[in-house]
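Undergrad: Here it is: the structure, laid out below.
Residue numbers (the working numbering): 143 to 337.
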């Protein structure tokens with residue numbers, strides 16, 4: 143069973159009267175949320191995160207603070223801007239979406255999420271911003287690995303979010319690539335104080 147939920151600026155979780163569901167109250171970000179899905183180990187649905195590459199120490203960033211469908215993701219110096227803030231949205235057991243706070247707050251079409259262009263399954267496929275839809279190229283498995291970091295695996299391709307060429311430079315694009323366990327495919331979720 144799914145319910146409409148608001149993911150909030152304060153990211154405050156409120157238990158519903160039935161006690162079996164959680165609602166996240168927010169200003170403008172609306173997504174469908176299953177009534178009972180556990181968050182990945184060490185993470186919470188009610189928190190806002192920046193996502194930091196383990197190899198470069200740079201943040202997952204929407205290029206030029208874009209809000210349009212098709213805008214690319216890159217790594218960039220962490221600056222706590224809205225285009226570097228994310229909410230973890232549950233879809234079903236073990237499956238999540240990453241909602242971009244900045245683009246979603248400015249969108250009149252609903253939530254914007256991390257997505258693989260055209261459901262491409264090949265290495266090097268473009269990772270982009272797209273309106274949240276019920277499609278598998280937006281669905282992620284987020285798994286904690288040794289050292290407390292996480293891999294972000296696209297469900298449609300079974301490939302990982304990857305910093306292209308294992309670069310440590312700002313402006314390097316993010317892509318999907320066969321999972322290798324390398325540091326350019328590991329990310330830390332850093333809790334932010336506010337949206």
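For every residue, glycine included, the Cβ atom is placed at its ideal position computed from N, Cα and C.
Taking a contact to mean a Cβ-Cβ separation below 8 Å, would you say residue 194 touches residue 296 in this structure?
TA: no
Undergrad: Taking 8 Å as the cut-off, decide whether the C-beta atoms of residue 238 and residue 334 are in contact.
TA: Residue 238 places its beta carbon 8 Å or farther from that of residue 334.
Undergrad: My parser needs the beta strand (DSSP E) runs of 3 or more residues fully inside the segment 216-265; what are they?
TA: Listed in chain order, they are 228-234, 237-242 and 254-258.
Undergrad: Just how far apart, CA to CA, sit residue 209 and residue 288?
TA: 34 Å
Undergrad: Taking the straight line between their C-alpha atoms, what separation do you get for residue 207 and residue 188?
TA: 23 Å
Undergrad: Within a Cβ cutoff of 6 Å, which residues of the same chain sit near residue 272, ignoring the five residues on either side of it in sequence?
TA: 211 and 257
Undergrad: For residue 327 and residue 182, I'd like the C-alpha separation in whole angstroms.
TA: Residue 327 and residue 182: Cα-Cα distance of roughly 17 Å.
Undergrad: What span of residues does the beta strand (DSSP E) with residue 286 cover, start to end?
TA: 282-286
Undergrad: In three-state DSSP terms, what is residue 335?
TA: coil
Undergrad: According to the neighbour-count rule (16 or more other Cβ atoms, all chains shown, within 10 Å of its Cβ), is residue 222 buried or exposed?
TA: exposed
Undergrad: DSSP three-state label for residue 297, please.
TA: In the three-state scheme derived from DSSP, where H, G and I count as helix and E and B as strand, residue 297 is classed as coil.
Undergrad: Buried or exposed: which applies to residue 200, given that a residue is buried once 16 or more other Cβ atoms fall within 10 Å of its Cβ?
TA: With 16 or more other Cβ atoms within 10 Å, it is buried.
Undergrad: Determine whether the beta carbon atoms of residue 308 and residue 197 lie at a separation below 8 Å.
TA: yes
Undergrad: What does the Cβ neighbour count give for residue 243, buried or exposed, with the cut at 16 atoms within 10 Å?
TA: buried
Undergrad: In three-state terms, what does DSSP make of residue 327?
TA: DSSP places residue 327 in helix when its eight states are reduced to three.
Undergrad: What are the residues that DSSP puts in a beta bridge with residue 200?
TA: None, per the DSSP bridge assignment.
Undergrad: Look at the Cβ atom of residue 236, then the Cβ atom of residue 186, and state whether they are nearer than 8 Å.
TA: no
Undergrad: Would you call the CB atoms of residue 324 and residue 217 closer than 8 Å?
TA: no
Undergrad: According to DSSP, is residue 304 part of a helix, a strand, or is it coil?
TA: strand
Undergrad: Please classify residue 194: does DSSP put it in a helix, a strand, or coil?
TA: strand
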